[in-house]
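For the sequence shown, position 268 matches number 638 in my numbering, and the numbering has no gaps at all. Structure first, commentary second.
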Amino acid sequence: MAKHSKNAHESLWSTPAPEVLRATDTTRIDDIDYSLTPGFEGKKVDGQALLAERGAVLSALQEKLYANGRTGDLRSILLVLQGMDTAGKGGMVRHVIGMVDPQGVDLASFGVPTKQEREHHYLWRIRKELPRGGRIGVFDRSHYEDVLVVAVHDLVPRQVWEARFDEINAFEKELTDEGTHIVKVALFVSPEEQRRRLQERLDRPDKHWKYNPGDVTERGFLPQYRTAYQRVVDRTNTDYAPWHVIQADRKWYSRLAVTELLIDALQKLELDWPKADFDVEHEKKRLAES
Ligand code: ADP
């Protein structure tokens, strides 16, 4: 495995991930070149080695966030993971979030709404899963399903989901004002890579559990999903909760990229270790005498 200097991430990233992946007014989902690894100059072996190194940085920052949370700091991070089946959301949780202490993670997955959830406003189930102070919250799918799958399959009238964009922006503004730093990520794989991943799920008995016949049905809706994602990016790419559009054909790249986004978000909090609320010298003396 390649060995890197302390600042390898600076030399291997020609443009930092948060900058190069951040969606802009000119982002076009239809123009994504899946073969690229934007901003990253290294190869797979470099990316994998760097992921381990940066994982240690992420973990140290997360411990600081957690420590502050334990002493009353209400700030948190919320990673919103969106992407179609096989885009690698599960792997992101396992391999990126898996690098930090699970005590400090609030993880939630959102599938087809249950009967009880359907009786409430679509943000009801989301609000229940928001991260506590000092935690990294991870949403594996999110409130965005209510403007994605819902629009693609006409689950509610257009005027209903159209109104949700403003509502989502207001909701995310409220969360931001309360101290939640939102990191929104949309993962995209090429149709060919998606086919390969689904094929693998069919070919390997240890992956059958991941296969859902509905995934092949959804493949037929790829163009509609791209349109729906474009709308999401166009309508909800705010300054306080911007989107990051990530090429996910190469898992090592998408995982490294999300690691960098989380490190960046945590660094922006400028965390310090919480001050002791007891007299340290006095306690040292007491311990020595005990
Ligand atoms: P996964 O396939 O990601 O492992 P699940 O099978 O539990 O997870 O559920 C995911 C499915 O739930 C996806 O097809 C997704 O589009 C659907 N889903 C999520 N939220 C909603 C929603 N608000 N309305 C309708 N379908 C939804």
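Ideal Cβ placement from N, Cα and C applies to all residues, glycine included. These numbers were taken from a predicted model, which means no experiment stands behind them.
Buried or exposed for residue i, going by 16 or more other Cβ atoms inside 10 Å?
i: Pro472; result: exposed
i: Arg424; result: buried
i: Asn582; result: exposed
i: Lys719; result: The chain is shown only over 371 to 660; residue 719 falls outside these bounds and no answer can be derived.
i: Phe410; result: buried
i: Lys654; result: exposed
i: Asp396; result: Here the sequence assigns Thr to residue 396, which means Asp is not the residue at that position. The residue in question, Thr396, is exposed, as its Cβ has fewer than 16 Cβ neighbours within 10 Å.
i: Asn377; result: exposed
i: Arg398; result: exposed
Assuming residue i contacts residue j (C-beta within less than 8 Å), just tell me the rounded distance between them.
i: Ala556; j: Tyr610; result: About 17 Å; that fails the 8 Å criterion.
i: Ala393; j: Val603; result: 5 Å
i: Leu444; j: Val508; result: Actually they do not touch by this definition, with Cβ atoms about 18 Å apart.
i: Val628; j: Val466; result: 5 Å
i: Arg567; j: His578; result: That belief does not hold up - the Cβ atoms of Arg567 and His578 are roughly 13 Å apart, past 8 Å.
i: Ile616; j: Leu391; result: 6 Å
i: Thr606; j: Ile496; result: Wrong, their Cβ atoms sit about 14 Å apart, outside the cutoff.
i: Leu451; j: Met462; result: 6 Å
i: Glu588; j: Asp455; result: 6 Å
What is the DSSP secondary structure of residue i, counted as helix, strand or coil?
i: Leu444; result: coil
i: Arg605; result: helix
i: Trp613; result: strand
i: Asp524; result: coil
i: His551; result: strand
i: Trp383; result: strand
i: Gly412; result: coil
i: Val517; result: helix
i: Arg392; result: strand
i: Ala430; result: helix
Residue j and residue i - do their beta-carbons sit closer together than 7 Å?
i: Gln418; j: Trp622; result: yes
i: Val553; j: Ala635; result: yes
i: Ser446; j: Pro501; result: yes
i: Arg505; j: Gly474; result: yes
i: Thr407; j: Pro644; result: no
i: Ala618; j: Val526; result: no
Could you tell me which residues DSSP puts in a beta bridge with residue i?
i: Gln452; result: Ala556
i: Phe541; result: Phe541 is not bridged to any residue.
i: Asp510; result: Leu451, Ser479
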